[in-house]
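**Q** Residue numbers (this note's numbering), protein chains in the order written: chain F, 1 to 366; chain R, 1001 to 1374. In this text, a Cβ means the ideal position worked out from N, Cα and C, and glycines have one as well. These numbers were taken from a predicted model, which means no experiment stands behind them. Pasting in a structure now, in structure tokens, and then I'll have a few things to ask.
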Amino acid sequence: MPDVRVAGVGKKYKDVDALSDVSLQIKDQEYISIIGPSGCGKSTLLKCIAGIIKQDSGQIFIGDREVTALPPEERQLGYMFQEIALFPHMSAWDNVGYGPRVRGKARELTRRFVGQVMEMTRLKIGARTYPDELSGGAKQKTALARAIAAEPQLMLLDEPLGALDAHVRAILRYELRRLVNELGLTAIHVTHDQEEAMSISDRLVIMKAGRVVEVGTPLELYLNPKRLFTANFLGEANFIPGNVENCDHGHVTASVNGWKIDSQGSGFTKGQRVVLVVRPESVVVAPKKQPDEQWTGTVRDRALLGDYVRTEVELGNGLHVTAHTTNRGVEPVSSVGERVRVDFAEGGLIAYQVPAHGLDVELALE
Amino acid sequence: MRAMPSIKLLNVTRTYGRIRAIDKVSLEIAEGEYVCVLGPTGAGKTTLLRLIAGLTTATSGAIELDGKDITDVPPENRNASYVPQQYALFPHMTVRDNVAFGPLARGFTPEESLQIAHEMLKLVRLSHRATAYPHELSGGMQQRVALARGLAGRSPLLLLDEPLGAIDARLRVILRYELKKLAKELGVTTLHVTHDQQEAMSIADRIVVLRDGAVQQFGRPSEIYQGPRSPFLASFVGGANFLEGVVVREARDATMIDVAEGFSISSSRDGHGMGDFVIASFRQEVTLILTNASLEENVVPGRLVSISILGAFLRCVVDLGRIGEVVAKVSLREALGQRLPDRVGDVVYVRVDRNRIMIFDRPERPLAVELEAF
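Listed below in structure tokens is the structure:
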């Protein structure tokens, strides 16, 4: 199945750059997710690859064919939208068989083929069930089955799980991935849900304001993002402003409102302002031992969110940090109002340059 | 100081033809409380909210507000602000005018109304977009305008249907904390409908879980998470592993359950007797994965089927042979420290502490149907 190449694609709506000079290379059988806040251009990019929107500049290749000027139906792709667009007057099975039938497949052959596709999607619904009798999850699976039945090489998925409940979404995404794997397809998946994207993708493309911010594997981008925007978009994080006191061998010692702290980083000079980033799960809250220790504070809020406990600590130097601790079902180490010490897991802190346009603009999600 | 209302539902039922959208629901919500109504699609969440708002009438049962029966009181006399999921902002009005419209209609002077709008927009952090038109805003911003419009009603009871539903996942996490702060600052009693378990747990003082129109459990988030009353609740609120089995031994400190031929697990919970058909269940984050282990209590060898990253957790699926597949959530930090788990296909051991194993009666319907939330 094909690799996909997007070269310098740009698209303007009136005066707004929906896409500016976007280039991407997607490998054969890769599962890629394009993520970013609403309005970042992720859907526009997908529609350009599909041929539904014509870009103003740049080229698109699918396999060794340039498809820049080809209409959607000649691009050999499967397309699935958030809005479920099943034909309401056709049974679910006829919906799935629609593509093969239109392409001239014999009736008997189509029926057997649809049966196979339904089995693959683990859809257990009768041949005479109509779309309005199906749950949201089953409808979405039927739409997926229909896209698969078109025997595409490249699957384009635009918020394919967007219309579903959180609980169902989280189950179906793994089935979606399994299916794409089994069929050996190349897939491009657009979503606003960073957990969905991380959990099923080989690589992520992070977009903001019509541009690609960063591309990498979920683990790379979650642990070592190049941009502060990526760090914030992929999950909760603490952003701690500080000043460099010393920097060598990939280590930075910084002063944060008078308190010293070590982090990873290189290329900084003494006195330089930095932003230290630490994910909440790398913040460890422990009972306070000595009275005058640094990195101590008071617990302001504490809540069990399910698989983790979220603790907010107001530090003595005025900073607020958030800690996430895996819920092992045992009693908490801290409660609201308690004085605690805050530690950071080894390698959990990374130093970044303060962005030229300011931290708030860099982190903005809308 | 306005009095904040308490709400009481007494055996409320609402039927649509043969469907019981709300089925004998009794609830008591204290004044100033923030309650999330959680459940899958079709559970009756919106109907419950509309019943309290007075937009739907109960087929039977009674609704009390502050001790007064309001079952037959029209919506405009209930002093409740209802913000529907399909909020319809006036497209030809600015954001500020949209918010000021309510107070103006209720007889405040234009000046007062604009002042209220100004305050409410400040609360939802949209002051800088006051003169924009709805279509110029993102879906998330529009939803906040709808929220500000609801708040501008100044009513002590706030009924919110999926108030963060149109907002991107990452921003939703930030806004849910602001929403809670807002409600507490205003001191309003709030009912918030959501299908998102984590959202409910992070905001609510108490959560009511609905399914098929009936209350499954009503309690503090930690109560429901740590002590779900049914496999459905364990699955819907947080997710868990479920193994069907038979109690083969009961002692004072442990119950032993056969979950497959030759495999049994121990739980410190009791209350079940020999021969009982039960479901043993444990949360994914207490399902530990070890690369080597001696075969002690509740340790089972298996093969790693898949690893995916969720962020702070890795989600690992392990095939335990005859027992079936289980899911383990492994802290990413711990996994990095121990270089674990490694590769798909590797042999690993799954261990669960006996204190973390919950036991449920086997439900009447098949387990898959009991857990289904589609």
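Under three-state DSSP, which class holds Leu1151 (chain R)?
**A** Three-state result, Leu1151 (chain R): helix.
**Q** If contacts are defined as beta-carbon pairs under 8 Å, then Leu161 (chain F) and Gln194 (chain F) qualify, I think. What distance do you get, rounded to the angstrom?
**A** Leu161 (chain F) to Gln194 (chain F), Cβ: 13 Å. No contact.
**Q** Under the DSSP definition of a beta bridge, which residues are partnered with Arg302 (chain F)?
**A** Paired residues: F:Thr311.
**Q** Using a threshold of 9 Å, state whether the C-beta atoms of Asp202 (chain F) and Thr191 (chain F) are closer than that.
**A** Not a contact, by the Cβ cut-off of 9 Å.
**Q** Per DSSP, which residues does Gln264 (chain F) bridge with? Please list them.
**A** Per DSSP, F:His251 and F:Ile350.
**Q** Starting from Tyr1349 (chain R), follow its DSSP beta bridges and name the residues at the other end.
**A** According to DSSP, which records beta bridges pairwise, Tyr1349 (chain R) is partnered with R:Leu1290 and R:Pro1301.
**Q** Can you give me the Cβ contacts of Arg1002 (chain R) inside the same chain, cut-off strictly under 7 Å, excluding the 5 residues immediately before and after it?
**A** Reliability of the predicted coordinates at Arg1002 (chain R) is poor, the pLDDT of 48 falling under 50, and the value obtained from them is presented with this limitation in mind. If we look at Arg1002 (chain R) and ignore the five residues flanking it on each side, its Cβ neighbours are Pro1156.
**Q** What are the boundary residues of the beta strand (DSSP E) that Lys208 (chain F) is part of?
**A** Counting along the chain, the beta strand (DSSP E) containing Lys208 (chain F) begins and ends at Arg203 to Lys208.
**Q** Please compile the residues from chain C whose C-beta is within a distance smaller than 7 Å of the C-beta of Asn327 (chain F).
**A** Among the protein chains of the structure shown, namely F and R, there is no chain C.
**Q** Please return the same chain residues whose Cβ sits closer than 8 Å to the Cβ of Met1141 (chain R), not counting the five positions on each side in sequence.
**A** Within the same chain, Met1141 (chain R) has close Cβ partners Leu1126 and Arg1129.
**Q** Determine, using beta carbons only, whether His1135 (chain R) comes closer than 9 Å to chain F.
**A** With 9 Å as the cut-off, His1135 (chain R) does not count as an interface residue toward chain F.
**Q** For the alpha helix (DSSP H) that contains Thr142 (chain F), what are its first and last residues?
**A** That run of the alpha helix (DSSP H) goes Gly136 to Ala149.
**Q** Near Phe81 (chain F), which residues of its chain fall below 6 Å by C-beta distance, leaving aside the five closest residues on each side in sequence?
**A** Excluding sequence neighbours, Phe81 (chain F) sits near Asp158.
**Q** Counting pairs of beta carbons, one from the segment 291-299 of chain F and one from the segment 1187-1201 of chain R, are three or more of them closer than 8 Å?
**A** Output reads no: the segment 1187-1201 of chain R does not touch the segment 291-299 of chain F.
**Q** To the nearest angstrom, how far is it from the Cα of Arg1078 (chain R) to the Cα of Asp1072 (chain R)?
**A** The straight-line gap from Cα to Cα measures roughly 10 Å.
**Q** State whether the segment 1341-1357 of chain R contacts the segment 1277-1287 of chain R, with contact taken as three or more CB pairs (one from each stretch) at a distance under 8 Å.
**A** With the cut-off at 8 Å, the segment 1341-1357 of chain R and the segment 1277-1287 of chain R touch.
**Q** Helix, strand or coil: how does DSSP classify Gly1102 (chain R) here?
**A** Gly1102 (chain R) falls in the helix class under three-state DSSP.
**Q** Buried or exposed: where does Val1344 (chain R) fall if 16 or more other Cβ atoms within 10 Å of its Cβ makes it buried?
**A** Exposed.
**Q** Terminal residues of the continuous beta strand (DSSP E) containing Ala1214 (chain R)?
**A** That run of the beta strand (DSSP E) goes Ala1214 to Gly1219.
**Q** Can you list, in chain order, the residues of its chain with a C-beta nearer than 6 Å to that of Asn1011 (chain R)? Leave out the 5 residues immediately preceding and following it.
**A** Counting only Cβ-Cβ distances below 6 Å, and skipping sequence neighbours, we find Lys1024, Ser1026 and Gly1061.
**Q** Comparing the C-beta of Asp193 (chain F) with each C-beta of chain R, is any distance below 9 Å?
**A** Interface residue, yes.
**Q** Of all the options R:Arg1322, R:Ser1081 and R:Glu1370, which has the alpha carbon lying nearest to the alpha carbon of Leu1160 (chain R)?
**A** Nearest of R:Arg1322, R:Ser1081 and R:Glu1370 to Leu1160 (chain R), Cα basis: R:Ser1081.
**Q** Kindly identify the DSSP beta-bridge partner or partners of Pro287 (chain F).
**A** Its beta-bridge partners are F:Val340.
**Q** Residues in the same chain with beta-carbon distance under 6 Å from Ala149 (chain F), minus the five sequence neighbours each way, listed in chain order, please.
**A** Counting only Cβ-Cβ distances below 6 Å, and skipping sequence neighbours, we find Val96, Gly99, Pro100 and Val117.
**Q** Please confirm whether Asp1196 (chain R) and Leu365 (chain F) have their CB atoms less than 9 Å apart.
**A** No, the pair does not count as a contact, with Cβ atoms beyond the cut-off.
**Q** Let me check understanding here. Comparing Cα to Cα, which of R:Asn1241, R:Phe1277, R:Ile1019 and R:Ile1207 lies closest to Leu1371 (chain R)?
**A** Of the candidates R:Asn1241, R:Phe1277, R:Ile1019 and R:Ile1207, the one whose C-alpha sits nearest the C-alpha of Leu1371 (chain R) is R:Asn1241.
**Q** Looking at Val1246 (chain R) and Val1278 (chain R), is the spacing between their C-beta atoms short of 9 Å?
**A** Yes; because the gap between Cβ atoms is below 9 Å, this pair is in contact.
**Q** In three-state terms, what does DSSP make of Phe113 (chain F)?
**A** Of the three classes helix, strand and coil, the one that applies to Phe113 (chain F) here is helix, per DSSP.
**Q** Please classify Val1237 (chain R): does DSSP put it in a helix, a strand, or coil?
**A** In this structure, Val1237 (chain R) counts as coil in the three-state DSSP scheme.
**Q** Look up Phe1360 (chain R) in the DSSP assignment and give the residues it is bridged to.
**A** Note: Phe1360 (chain R) sits in a beta bridge opposite R:Ile1279.
**Q** Between which two residues does the beta strand (DSSP E) harbouring Phe233 (chain F) extend?
**A** Segment Leu228 to Phe233 is the alpha helix (DSSP H) holding Phe233 (chain F); no beta strand (DSSP E) there.
**Q** Under the three-state reduction of DSSP, which class applies to Glu1250 (chain R): helix, strand or coil?
**A** Strand at Glu1250 (chain R).
**Q** Return the residues of the segment 1160-1184 of chain R that lie within a Cβ-Cβ distance of less than 8 Å from chain F, sorted by chain order.
**A** The residues in question are Asp1168, Ala1169, Arg1170, Leu1171, Val1173 and Ile1174.
**Q** Answer yes if the segment 45-59 of chain F comes into contact with the segment 1-9 of chain F, meaning at least three C-beta pairs across the two stretches below 8 Å, and no otherwise.
**A** Yes: at least three Cβ pairs fall under 8 Å.
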